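S.K.: Dumping the structure here so I can ask a few things about it.
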Amino acid sequence: MTKLPPEQTPKSAESEKTPNPRREFLRSAGIFTGTVAALGGGLELLSRKPGAEAQALPDLIGQAKRPLGPYDAKDAVTPYEQATTYNNFYEFGTDKADPARMAASLRTRPWTVKLDGEVKKAQTVDIDTLQSWFPLEDRIYRMRCVEGWSMVMPWLGFPLAGLIRRMDPTGKAKYVQFTSLLDTKQFPGQRSSVLTWPYMEALRIDEALNPLAFMAVGLNGRALPGQNGAPLRLVVPWKYGFKGIKSIVQITLTEKQPKTTWSIAAPDEYGFYANVNPKVDHPRWSQATERRIGELGRRPTLMFNGYADQVASLYSGLDLKKNF
Amino acid sequence: MSKATPSPTSSGAATAARPVPRRKVSKFGGLGPGIVVGGLVPMAVMLWDAQTGALGANPVQRLQLQTGVLSLALLILSLAATPLRLVTGWTWPARVRKALGLLAFLYATLHVLVYLVDKGLLNGDFGLATVVDDVVKRPFITVGFTAWLLLIPLALTSFKGSVKKLGFARWTTLHKLVYFVVALGVVHYWWGVKKDHTEPLIYGLVAATLLALRVIFKDFRSKKKAGGMGKTATPEN
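Residue numbers (full-length UniProt numbering), protein chains in the order written: chain U, 1 to 324; chain Z, 1 to 237.
Rendered as structure tokens:
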């Protein structure tokens, strides 16, 4: 690079003749420090995602009776701190720490749930009233995320079947559709078009009536934290976690199979059923194993997440490779 | 290619009182070591995070993601050296290109190691078959693994003497592989993300811009030469 005209070179030649070691050292040290700060800091900003701080504990809503059998996975429960800071809830953001960081913007009272569709009488009910219809119970369920990690969650709530019966379905009701709250003020992630909002999920009605299907209003004996889907969420432990729609405002019984958010987003990757199945891989990764949060290694994934005895009969005659 | 280690100015303080013998003063003393140390900062922070539990609930996945992003970012930074020189005339970016490239290789290797550990390397039930199966069956993994494999010859020939041994033309051709590696890296990142493609898109756009700048400037210069306007052009090198 010889951009400078020749008449300017003597100046630099002079400074080369009498270098000041102290100044030179300081200059080098300055460049060194600046480079370390710029490159190190820049790379940190680009790549490091800070974890979420632990949140204030929600109110206790009480421990309830715990039915045994399949409702009580004997596995060690995932620590509350991890279960509430590692969440997928794109309404709050796509990073796993976003929900815990942002959940304070969600107002869960007052909250109403619309119950409509193929029912004898549609109604809108306050969440506290809805909750008072059923005795609450504890259930310890395994939860397997489609991404290949899993947790063991101590939910508090009531069986979905009771709610469906209470809705008094007509003979045409074949599916149950769930809708999450749509509100960009409370859900900043909904300003991004990463998914079509509001989030929608659905079950076949016989799946919904299975005793395992559960509506959670609490976690660890406390009110459900916003990041875990307050004030009302679906839990279907034999299906991948994304079926467990959060912050529900509407439950509709339908005759035709409803569209669901993830099957709209990527129909080749996320099907309607989303049953946990180690033999059917996600196109981009194997589903044969999973990492239990809190463990470093992987463990084999169980068919229907270990609930095959309870739910396998729902799918007899169905090709689970096609109906994934 | 610059040497990252010996800085001619670093011993300046030792000879403070005596008149200093005439020698060339580097305008950029401290830059090379700064790049190396700065590039290692994220690794130190990751180790610190691992100690304090700040890697979150799924530390293996966090390390996997972070080493991958670091590798791609450093690789793209190393690609910026030539366009920066072409646009600004600065030569210092080219001096740190090797260090950036080797740091990228370091993080890519850690990325692969975390993947292998995740596949059970430390569990005792590590199956090479499952890895091969993964690499062959899943384009997402195939692409990432290929990118890493292609980085190996580049890292091995980044040292003094390699240019001489290979001959400049062959060495240059070999190192042009890096364009392909970056493209593979971006595709791999894109495929690895479940839905929100903003970040891989940004990396892709930056990489594409840097590659485009090379092409544009090369074109521009060759036209200049062909047009006989060499008198006003900046002399090469």
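No residue lacks a Cβ here, since even glycine has one placed at the ideal position from N, Cα and C.
This one's a predicted model, so the numbers in the text were calculated from it and none came from an experiment.
Counting only beta-carbon separations shorter than 9 Å, does Z/V182 have a partner in chain U?
M.R.: Not closer than 9 Å to any Cβ of chain U, the Cβ of Z/V182 fails to qualify, so no.
S.K.: Name the chain Z residues that come within less than 7 Å of U/I31, Cβ to Cβ?
M.R.: Ordered by position in chain Z, the residues that pass the 7 Å Cβ test against U/I31 are F28, G29, G30, L31, G34.
S.K.: Per DSSP, what are the beta-bridge partners of U/A202 in this structure?
M.R.: U/A202 pairs with U/Q177.
S.K.: Does the CB of residue 334 of chain U have a neighbour CB from chain Z at under 9 Å?
M.R.: Given that chain U is displayed from residue 1 to residue 324, the structure contains no residue 334 of chain U and the question cannot be resolved.
S.K.: Grab me the residues of U/I61's own chain with a C-beta within less than 8 Å of its C-beta, minus the 5 sequence neighbours each way, in chain order.
M.R.: The residues are L136, L156, V217, G218, G221, R222, A223.
S.K.: Which residue or residues does DSSP assign as beta-bridge partners of U/R144?
M.R.: U/S150, per the DSSP bridge assignment.
S.K.: Check each residue of the region 290–303 of chain U: if its Cβ is closer than 9 Å to any Cβ of chain Z, include it; give the result in chain order.
M.R.: Residues R291, I293, G294, L296, G297, R298.
S.K.: Can you tell me where the beta strand (DSSP E) with U/I248 in it begins and where it stops?
M.R.: 248–254 is the span of the beta strand (DSSP E), which, as asked, contains U/I248.
S.K.: Distance check for U/Y270 and U/D309, CA to CA, integer angstroms please.
M.R.: Each residue's alpha carbon lies about 24 Å from the other.
S.K.: On the premise that U/P58 lies in contact with U/A97, defined as a C-beta separation below 8 Å, what is that separation, rounded to the nearest angstrom?
M.R.: That pair is no contact at about 18 Å.
S.K.: Taking only three categories from DSSP, how would you classify U/Q63?
M.R.: Correct three-state label for U/Q63: coil.
S.K.: Would Z/Q51 be called buried (16 or more neighbouring beta carbons within 10 Å of its own) or exposed?
M.R.: That one is exposed.
S.K.: Using a Cβ-Cβ distance under 9 Å, would Z/G192 count as near chain U?
M.R.: Z/G192 counts as touching chain U.
S.K.: What residues of chain B sit near U/A97, judged by a beta carbon separation below 8 Å?
M.R.: Protein chains in the displayed structure are U and Z, and chain B is not among them.
S.K.: Taking the alpha-carbon positions, what's the Z/N58 to U/V77 distance?
M.R.: If you take the alpha carbons of Z/N58 and U/V77, they lie about 16 Å apart.
S.K.: Grab the span of the alpha helix (DSSP H) containing Z/F145 for me, first residue to last.
M.R.: From DSSP, the alpha helix (DSSP H) with Z/F145 extends over 139–156.
S.K.: For a cutoff of 9 Å on Cβ pairs, would you count Z/T209 as touching chain U?
M.R.: Closer than 9 Å: no.
S.K.: Against chain U, with Cβ distances strictly below 9 Å, would Z/A233 count as a contact?
M.R.: Confidence in Z/A233 is poor, its pLDDT being 40 and thus under 50, which makes the residue's placement unreliable; the coordinate value appears in the next sentence. Cβ-Cβ to chain U under 9 Å: no for Z/A233.
S.K.: I want to see whether chain Z comes within less than 9 Å of U/P198, judged by CB atoms only; does it?
M.R.: No, U/P198 lies away from the interface with chain Z (no Cβ there is under 9 Å from its Cβ).
S.K.: May I ask whether a heavy atom of the ligand SAM can be found less than 8 Å away from the beta carbon of U/A54?
M.R.: Although the ligand SAM was asked about, the structure shown includes no ligands whatsoever.
S.K.: Is any beta-carbon of chain Z found at less than 9 Å from that of U/T85?
M.R.: With 9 Å as the cut-off, U/T85 counts as an interface residue toward chain Z.
S.K.: Within its chain, find whatever has a CB closer than 6 Å to the CB of U/E81; leave out the 5 residues flanking it on each side and keep chain order.
M.R.: If we look at U/E81 and ignore the five residues flanking it on each side, its Cβ neighbours are A54.
S.K.: Following the continuous beta strand (DSSP E) through U/E269, name the residue where it begins and the one where it ends.
M.R.: From DSSP, U/E269 is part of no beta strand (DSSP E); its letter is neither H nor E.
S.K.: What separation, rounded to the nearest whole angstrom, lies between the Cα atoms of Z/A81 and Z/T209?
M.R.: Computed Cα separation, rounded: 13 Å.
S.K.: Is the CB of Z/P59 under 9 Å away from at least one CB in chain U?
M.R.: Output row for Z/P59: interface = yes.
S.K.: Determine, for Z/F140, whether the minimum Cβ-Cβ distance to residues of chain U falls below 9 Å.
M.R.: Taking Cβ atoms only, chain U reaches closer than 9 Å to Z/F140, which makes this a yes.
S.K.: Does Z/F217 have its Cβ less than 9 Å from a Cβ in chain U?
M.R.: No, Z/F217 does not count as interfacial toward chain U.
S.K.: By the criterion of Cβ-Cβ separation under 9 Å, what are the contact partners of residue 238 of chain Z in chain U?
M.R.: Missing from the structure shown is residue 238 of chain Z; chain Z here goes from 1 to 237 and no further.
S.K.: Looking only at DSSP bridge pairs, what is U/M215 linked to?
M.R.: In DSSP, U/M215 forms a bridge with U/F158, U/L234.
S.K.: Between which residues of its own chain and U/V152 is the CB-CB distance below 8 Å, once the five residues before and five after are set aside?
M.R.: Excluding sequence neighbours, U/V152 sits near A73, D75, A76, V77, T78, I140, Y141, R142, M143, R292.
S.K.: To the nearest angstrom, how far is it from the Cα of U/F158 to the Cα of U/Q63?
M.R.: Their Cα atoms are separated by approximately 13 Å.
S.K.: So, helix, strand or coil for residue 345 of chain U, using DSSP?
M.R.: Residue 345 of chain U lies beyond the stretch modelled for chain U, which goes from 1 to 324, so this question has no answer here.
S.K.: Can you pull the DSSP bridge partners for U/R292?
M.R.: Answer is U/S150, bridged to U/R292.
S.K.: Taking a Cβ distance cut-off of 8 Å, strictly less, list which residues of the region 145–175 of chain U are near chain Z, in chain order.
M.R.: Listed by position, the residues of the region 145–175 of chain U near chain Z (Cβ gap below 8 Å) are E147, W149.
S.K.: DSSP three-state label for U/F89, please.
M.R.: U/F89 falls in the strand class under three-state DSSP.
S.K.: Quick one: what's U/W285 bridged to in DSSP?
M.R.: DSSP output for U/W285 lists U/H282 as bridge partner(s).
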